[in-house]
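Written below as structure tokens is the structure these notes are about.
Protein chains in written order, with the working numbering: chain A, 46 to 338; chain B, -3 to 339.
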């Protein structure tokens, strides 16, 4: 649209600006509120009498002597040992992303360069696999995993997450490799490279933007997963999100809801930084496929 | 690329997908037509944060031996599918014969667990999908008209509800709508009803989950439309302007038709995503009033001590059939796109 059309203030423009403002409020307020409230005591964060207590921290001052308290964080991280699930999560996420990208890059490259009909059918199958609700797959894993004694182990969960992640990874990397000109690797092969050498020396150096974008989504899948990790990991290997779900039950009985609030904020902050640093890649990843095809 | 090279490149990814996606579906199918050996039942008390309840659980010791020998249990065919907890054919025909009005019939059918879950899943999907598309488009148009300098931060904030872990996002909102939370307490004051609780009434629970669904999915539709708006041809818009079209007319007659393929794409993706609704039910502890197919499977697998594999399997198969039906248009869409490209 032209700049002139953009800058003209019409009633329609005002309405749409107000709508955007309302949306921004709705999108950010829950996060700001919970982040702020996590430094208060429960009587302030859940204040029936006056919601402004949560802002000023009347009860927090009365109970701790200061308007902010880290008691929730201390309770969550030290007392309830939230650092353990965080460590477990880091391990699971790290290996899931690395393995997903390694095998996904090889597969995505092959699918983009094959040009045969079966490559398309593999992509169609991947589309069907991607649509499967994770919990339905989990119900298929449990019995065999119990039998083979691999239930509850971290490597099992990592491999499961890698597999669940593959359909999406293949689609994304495949459409990314389609945008890298065929001539590049083909001319390397004319010069005597094997297919793998061409891939290694010519494609890998230029593929990083696509791999980073895909990696972000693999990260998010592993980070956000609840269905798989909550069903497949034993107590000591528990990751962050199932731990938070478990927290919710126990802390409410003991009156330590603020521990759960602190844990929830701790689990949210890394995502905020992720979006801050990789906003462009996330947006481009979300729109691949949608806008082009 | 020669078939041989292709094979080695795709091998790891294909192995992972076949072993851990395709075979589990087969395993689910096999589980659903088997049932565990009869067990020794014991009455025990189970305590959760919401109080203690008497539950009938399984004496694992007595049955462990039998089950260790044959973990799959015995073959029963499609009985699990037709029993009361699943498709409940007998109960439905009974309800049909004994109800004198359609209303009474539906009321009875919707008390059956699977149909109750389907009712919520479908209601959720039917409301969330169009609302997400409509509001997403409205926000995208609004953001597109903003000065360039504020667009970046706007997109950043807009992404948050979608990037957030679904379970964590629903817990955050759950605390806010709690009777003592900011939204819950405010609603109580507005309606001057101290016992008003979003959790207590089925209707309000459904509305709460639908609002969460729109909040969570709106960013995706916003981003897709926003990207689409960047490709609207300036010439067409300008031509419409010269012809005297108002900004509303330009929107309806030029921009929306241009974005139509994206609307279809979002519709297909959203239908599938919303059909799988699961985490918000856990996060909002809403299972008393709202269940979904995914939640039923989760609940069956979590059954204390002994997961109900056959029930989980049957519900999973029903879910998969539902997903595949919803998937058909998307597959046709992709197939046509591929044929167009290759010709």
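Just so you know, even glycine gets a beta-carbon here, dropped at the ideal spot from N, CA and C.
Next on the checklist: Between the alpha carbons of residue 331(A) and residue 221(B), how many angstroms are there, rounded?
Outcome noted: Counting from 1 along the first chain, the entry for residue 331(A) is found at position 286. Counting from 1 along the second chain, the entry for residue 221(B) is found at position 225. Their Cα atoms are separated by approximately 11 Å.
Item to check | Per DSSP, cross-strand counterpart(s) of residue 71(B) | outcome: For this step, residue 71(B) is matched to residue 75 along the second chain. DSSP lists 30(B) as partners of residue 71(B).
Item to check | Under the three-state DSSP convention, the category residue 108(B) falls into | outcome: Within the second chain, the letter at position 112 stands for residue 108(B). Note: residue 108(B) maps to coil in three-state DSSP.
Item to check | Simplified DSSP assignment, three categories, for residue 197(A) | outcome: Start at 1 with the first residue of the first chain, and residue 197(A) comes out as number 152. Of the three classes helix, strand and coil, the one that applies to residue 197(A) here is strand, per DSSP.
Checklist entry - Can you find a CB in chain A that lies within less than 7 Å of the CB of residue 1(B)? => result As a first step, residue 1(B) is located in the second chain; it is residue number 5 there, counting from the start. Yes - at least one Cβ of chain A is within 7 Å of the one on residue 1(B).
Checklist entry - Do you know offhand how far residue 33(B)'s Cα is from residue 68(B)'s? => result Residue 33(B) sits at position 37 when you count from the first residue of the second chain. Residue 68(B) sits at position 72 when you count from the first residue of the second chain. For residue 33(B) and residue 68(B), the distance between alpha carbons rounds to 9 Å.
Item to check | Residue nearest to residue 302(A) in terms of C-alpha spacing, selected from 85(A), 58(A), 67(A) | outcome: Taking the first chain and counting its residues from 1, one reaches residue 302(A) at position 257. Measuring from the Cα of residue 302(A), the nearest candidate turns out to be 85(A).
Checklist entry - Given residue 251(B), which residues of its chain have a CB within under 6 Å of its CB, disregarding the five upstream and five downstream residues? => result As a first step, residue 251(B) must be located in the second chain, where it is residue number 255. Closer than 6 Å at Cβ, skipping near neighbours: 228.
Checklist entry - So is residue 217(A) buried or exposed if we call it buried at 16+ other beta carbons inside 10 Å? => result For the purposes of this step, residue 217(A) is taken as residue 172 along the first chain, with counting starting at 1. Counting Cβ neighbours within 10 Å, residue 217(A) comes out buried, since at least 16 surround it.
Item to check | Short CB-CB distance (under 7 Å) between residue 185(A) and chain E | outcome: Going by chain labels, chain E is absent from the structure shown, which instead holds the protein chains A and B.
Next on the checklist: DSSP has residue 51(B) in a bridge; who is on the other side?
Outcome noted: To locate residue 51(B), count along the second chain from 1; it is residue 55. Partner(s): 40(B).
Checklist entry - Taking 7 Å as the CB-CB cut-off, is residue 252(B) touching chain A? => result Walking along the second chain from the start, residue 252(B) turns up at place 256. Residue 252(B) does not count as touching chain A.
Checklist entry - Where do the N-terminal and C-terminal ends of the alpha helix (DSSP H) with residue 345(B) fall, by residue? => result Since the first and last residues shown for chain B are -3 and 339, residue 345(B) lies out of range.
Item to check | Ranges of the alpha helix (DSSP H) found wholly within the stretch 151 to 233 of chain A, counting only runs of at least 4 | outcome: 162 to 176, 179 to 193, 199 to 223
Checklist entry - Who are the Cβ neighbours of residue 195(B) in its own chain at under 6 Å, not counting the five residues just before and after it? => result Position 199 of the second chain, counted from the first residue, corresponds to residue 195(B). Counting only Cβ-Cβ distances below 6 Å, and skipping sequence neighbours, we find nothing.
Checklist entry - Mind pulling the chain A residues with CB within less than 7 Å of residue 276(B)? => result Working through the second chain from its first residue, we reach residue 276(B) at position 280. Residues of chain A passing the Cβ test: none, with the nearest at roughly 11 Å.
Next on the checklist: Can you check whether the C-beta of residue 192(A) is within less than 7 Å of a C-beta belonging to chain B?
Outcome noted: Here residue 192(A) refers to the residue found at position 147 of the first chain. So, interface residue.
Item to check | Entirely enclosed alpha helix (DSSP H) segments - the stretch 253 to 282 of chain A, minimum 4 residues | outcome: 253 to 269, 272 to 277
Next on the checklist: Taking 7 Å as the threshold (beta carbon to beta carbon), is residue 176(A) in contact with chain B?
Outcome noted: Within the first chain, numbered from 1, the residue matching residue 176(A) stands at position 131. Taking Cβ atoms only, chain B reaches closer than 7 Å to residue 176(A), which makes this a yes.
Item to check | For residue 196(B), three-class secondary structure by DSSP | outcome: The sequence position of residue 196(B) within the second chain is 200, counting from 1. The answer is coil: DSSP assigns residue 196(B) none of H, G, I, E or B.
Item to check | the stretch 77 to 84 of chain B touching the stretch 109 to 124 of chain B, judged by at least three CB pairs closer than 8 Å | outcome: yes
Checklist entry - Got a sec: which bits of the stretch 115 to 128 of chain B sit with their beta carbon under 9 Å from any beta carbon on chain A, in order along the chain? => result none
Item to check | Test item: CB-CB of residue 176(B) and residue 91(A) under 7 Å | outcome: Taking the first residue of the second chain as position 1, residue 176(B) is located at position 180. Taking the first residue of the first chain as position 1, residue 91(A) is located at position 46. Closer than 7 Å, so yes.
Item to check | Three-state secondary structure (DSSP) of residue 210(B) | outcome: Taking the second chain and counting its residues from 1, one reaches residue 210(B) at position 214. DSSP places residue 210(B) in helix when its eight states are reduced to three.
Checklist entry - So, does the CB of residue 123(A) fall closer than 7 Å to a CB anywhere in chain B? => result Within the first chain, the letter at position 78 stands for residue 123(A). Taking Cβ atoms only, chain B never reaches closer than 7 Å to residue 123(A), which makes this a no.
Checklist entry - Just the Cα atoms here: how many angstroms apart are residue 52(B) and residue 302(B)? => result If you number the second chain from 1, residue 52(B) lands on position 56. If you number the second chain from 1, residue 302(B) lands on position 306. Straight-line Cα distance between these residues: approximately 12 Å.
Next on the checklist: Can you tell me where the alpha helix (DSSP H) holding residue 332(B) begins and where it ends?
Outcome noted: Locating residue 332(B) in the second chain gives position 336, where the first residue counts as 1. Where residue 332(B) is concerned, the enclosing alpha helix (DSSP H) stretches over 305 to 338.
Checklist entry - So residue 332(A) is in the alpha helix (DSSP H); what residue range does that whole segment cover? => result One-based indexing of the first chain puts residue 332(A) at position 287. Where residue 332(A) is concerned, the enclosing alpha helix (DSSP H) stretches over 302 to 332.
Item to check | Spatial distance of residue 168(A) from residue 17(B) (CA atoms) | outcome: As a position in the first chain, residue 168(A) is number 123, starting the count at 1. As a position in the second chain, residue 17(B) is number 21, starting the count at 1. If I take the Cα positions, the gap works out to 14 Å.
Item to check | Identity of the residue in 196(A), 317(A), 215(A), 307(A) nearest residue 283(A) by Cα | outcome: On the first chain, position 238 is the one that residue 283(A) refers to. The residue with the shortest Cα to Cα distance from residue 283(A) is 196(A).
Item to check | Proximal chain B residues relative to residue 154(A), where beta-carbon distance stays under 7 Å | outcome: Against the first chain, residue 154(A) aligns to sequence position 109. Here the neighbours are 5.
Next on the checklist: Under DSSP, the alpha helix (DSSP H) around residue 150(B) begins and ends at which residues?
Outcome noted: Your numbering for residue 150(B) matches position 154 in the second chain. Its alpha helix (DSSP H) spans residues 144 to 159.
Next on the checklist: For residue 242(A), report the span of its alpha helix (DSSP H) as first-last.
Outcome noted: Position 197 of the first chain holds residue 242(A). Segment 240 to 243, the alpha helix (DSSP H) holding residue 242(A).
Checklist entry - What residues in the stretch 59 to 72 of chain B have a beta carbon less than 9 Å from any beta carbon of chain A? => result 67, 68
Checklist entry - Is it the case that the Cβ atoms of residue 248(A) and residue 9(B) are separated by a distance below 7 Å? => result The residue given as residue 248(A) occupies position 203 in the first chain. The residue given as residue 9(B) occupies position 13 in the second chain. In this structure, residue 9(B) does not lie closer than 7 Å to residue 248(A) by Cβ.
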